[in-house]
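S.K.: Residues 13 to 255 (the numbering used here) are what the sequence shown spells out, left to right. Beta carbons: idealized from backbone N, C-alpha and C, even for Gly. Since we're looking at a predicted model, the values are computed, not measured. Dropping a structure here in structure tokens format, bear with me for questions.
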Amino acid sequence: MCTRFLHRGDDIITGFNFEIDLAVWDHQVVLEKDRFFIGILRPDGVRHSYHGVHRNGNAGTLLYVHGNPAGAYREGPDCLTIADLTERFIRAEITFDQALALVQTRRIVYAPDATMQAMLSDRQGRVLIVEPGIGWRAEYAPYSLMANASLLDPESTAPFAVPGDDRYQRAEQLLKSSSAGFSVRNGLALLEEVHQEGIWATRVSFVYSVREQAVYYTENNRFDRIQVYRFPDGPGLPSSRTV
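Next comes the structure, spelled out in structure tokens:
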């Protein structure tokens, strides 16, 4: 599951609801000097940063999508997995422009064990949508939004729509009706509005403010207990506290 948005107004606000089955994936919120991320434990013993923010403003997230054969994992010098692209962006190993160049020159494929699509964004509010096997789109708009259906070829994932799942529509309505003053608080309210329960419950929600250089986050739908992490070069000192 998962929902990701970016709002470009007086501040650049990006938000993400991370939803997984705990029986399948092991995750942990990781706070580093340069990064805030949801660390996914992989067979190599490393918690990989497939969902997170770098203090330079790079924000990347992967969202599950029903795969298509054209995006199937394969090896080769012309191939790059969507997982590797996203993690390199979150690590600030590549810039937005370099990520854009990679999707233009390399075949972007799924990881060996998961079919995912991605939204990448930078501190300017530029957004890159990447869907393996389908294509990519760069946006610079008042808002961007992604859930678990294809944005570039909606018909390809329409047969897999879950009855009653209107997260995208509800989030889009909130973003459409928002003003330039859309804030962290508004972002958290949006994530709470579309949070999930059950096996695929929302495990982590976070909102990143470019202006504040801070990430506001909560775990297990505890929207009454928001933590904030400020990057070292942001206003104030690095901290994790309840707000």
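Which partner residues does I141 have in the DSSP bridge list?
M.R.: Within the sequence shown, residue 141 is the residue found at index 129, counting from 1. BP columns for I141 point to M131, R149.
S.K.: Taking the beta strand (DSSP E) that Y228 belongs to, which residues open and close that run?
M.R.: Here residue 228 refers to the residue found at position 216 of the sequence shown. Start and end: 226 to 231.
S.K.: Is it buried or exposed, T169, if we count other Cβ atoms within 10 angstroms and call 16 or more buried?
M.R.: Here the question's residue 169 lines up with position 157 in the sequence shown. So T169 ends up on the buried side.
S.K.: So, with DSSP's three-state summary, where would you put L202?
M.R.: In the sequence shown, counting from the first residue as 1, residue 202 sits at position 190. Three-state DSSP puts L202 in a helix.
S.K.: Taking all protein chains shown into account, do 16 or more other C-beta atoms lie within 10 angstroms of the C-beta of T254, making it buried, or fewer, making it exposed?
M.R.: Translated into positions along the sequence shown, residue 254 becomes position 242. Confidence in T254 is poor, its pLDDT being 43 and thus under 50, which makes the residue's placement too unreliable to answer from.
S.K.: Identify, in the order they occur along the chain, each residue of the same chain with its Cβ nearer than 7 Å to the Cβ of G51, setting aside the five sequence neighbours on each side.
M.R.: By one-based count along the sequence shown, residue 51 stands at place 39. For G51, where only same-chain residues beyond five positions count, the Cβ hits under 7 Å are H39, Q40, V42, R59, H60, S61.
S.K.: Are I120 and V142 touching if we call contact CB-CB under 7 Å?
M.R.: Here residue 120 is taken as the residue at index 108 of the sequence shown, counted from 1. Here residue 142 is taken as the residue at index 130 of the sequence shown, counted from 1. The answer is yes: Cβ separation under 7 Å.
S.K.: Secondary structure at Y241, three-state DSSP: helix, strand or coil?
M.R.: Counting from 1 along the sequence shown, the entry for residue 241 is found at position 229. Reduced to three states, the DSSP call for Y241 is strand.
S.K.: Rounded to whole angstroms, what's the CA-CA distance from N29 to M131? Just pull it up for me.
M.R.: For this step, residue 29 is matched to residue 17 along the sequence shown. For this step, residue 131 is matched to residue 119 along the sequence shown. Looking at the two C-alpha atoms, the distance is approximately 13 Å.
S.K.: By Cβ distance, which residues of its chain are closer than 6 Å to S156, with the 5 residues on each side in sequence left out?
M.R.: Your numbering for residue 156 matches position 144 in the sequence shown. The answer, listed in chain order, is L18, V139.
S.K.: Using the C-alpha atoms, what's the distance from W37 back to P55?
M.R.: Here the question's residue 55 lines up with position 43 in the sequence shown. Here the question's residue 37 lines up with position 25 in the sequence shown. Rounded to the nearest angstrom, the two C-alpha atoms are 11 Å apart.
S.K.: If we ignore side chains and look at the alpha-carbon of each, how far apart do G69 and A153 end up?
M.R.: The count along the sequence shown starts at 1 and reaches residue 69 at position 57. The count along the sequence shown starts at 1 and reaches residue 153 at position 141. So the alpha carbons of these two residues sit roughly 17 Å apart.
S.K.: Skipping 5 residues on each side, what residues in its chain have a beta carbon closer than 6 Å to that of F218?
M.R.: As a first step, residue 218 must be located in the sequence shown, where it is residue number 206. Hits under 6 Å: F28, V227, Y229.
S.K.: Between the beta-carbon of V77 and the beta-carbon of R135, is there less than 7 Å?
M.R.: In the sequence shown, the residue the question calls residue 77 occupies position 65. In the sequence shown, the residue the question calls residue 135 occupies position 123. No, these two residues do not count as a Cβ contact at 7 Å.
S.K.: Excluding five sequence neighbours on each side, which residues of the same chain lie with their C-beta closer than 7 Å to the C-beta of D90?
M.R.: The sequence position of residue 90 within the sequence shown is 78, counting from 1. Excluding residues within five positions, the ones whose Cβ falls inside 7 Å are R118, R119.
S.K.: Are the stretch 208 to 215 and the stretch 180 to 195 in contact at 8 Å, needing three or more beta carbon pairs?
M.R.: Too few Cβ pairs lie closer than 8 Å, so no.
S.K.: Report, in whole angstroms, the separation of the C-beta atoms of H63 and L74, which I expect to be a contact under 8 Å.
M.R.: Taking the sequence shown and counting its residues from 1, the one referred to as residue 63 is at position 51. Taking the sequence shown and counting its residues from 1, the one referred to as residue 74 is at position 62. That belief holds up - the Cβ atoms of H63 and L74 are roughly 6 Å apart, short of 8 Å.
S.K.: Check each candidate in I146, G176, G145, V65 and name the one with the smallest Cα separation from F243.
M.R.: Within the sequence shown, residue 243 is the residue found at index 231, counting from 1. With distances taken between Cα atoms, F243 lies closest to V65.
S.K.: Can you find the residues in the same chain that come closer than 7 Å, C-beta to C-beta, to R182, ignoring five residues on each side of it along the sequence?
M.R.: Residue mapping note: residue 182 aligns to position 170 of the sequence shown, counting from 1. For R182, where only same-chain residues beyond five positions count, the Cβ hits under 7 Å are E205, V206.
S.K.: For C91, list the residues DSSP reports as bridge partners.
M.R.: Translated into positions along the sequence shown, residue 91 becomes position 79. Looking at the DSSP assignment, C91 forms a beta bridge with R119.
S.K.: Hey, quick one: how far does the beta strand (DSSP E) through T169 stretch, first residue to last?
M.R.: By 1-based counting over the sequence shown, the position of residue 169 is 157. Where T169 is concerned, there is no enclosing beta strand (DSSP E), although the alpha helix (DSSP H) it sits in stretches over 166 to 169.
S.K.: Straight-line CA distance for P82 to G145?
M.R.: Counting from one through the sequence shown, the residue named residue 82 turns up at place 70. Counting from one through the sequence shown, the residue named residue 145 turns up at place 133. According to the sequence provided, residue 82 is Ala. The question's Pro does not apply to it. Cα to Cα, A82 sits roughly 4 Å from G145.
S.K.: Is it the case that the Cβ atoms of F101 and A113 are separated by a distance below 7 Å?
M.R.: As a working note, residue 101 is residue 89 in the sequence shown. As a working note, residue 113 is residue 101 in the sequence shown. Not in contact: F101 and A113 (Cβ atoms no closer than 7 Å).
S.K.: Would you please verify whether the beta carbon of P144 is less than 7 Å from any beta carbon of chain C?
M.R.: Chain labels in this structure do not include chain C; a single protein chain is all it has.
S.K.: With respect to the beta strand (DSSP E) encompassing E31, which residues constitute its N-terminal and C-terminal limits?
M.R.: Taking the sequence shown and counting its residues from 1, the one referred to as residue 31 is at position 19. Taken as a continuous stretch (DSSP letters only), the beta strand (DSSP E) holding E31 covers 24 to 31.
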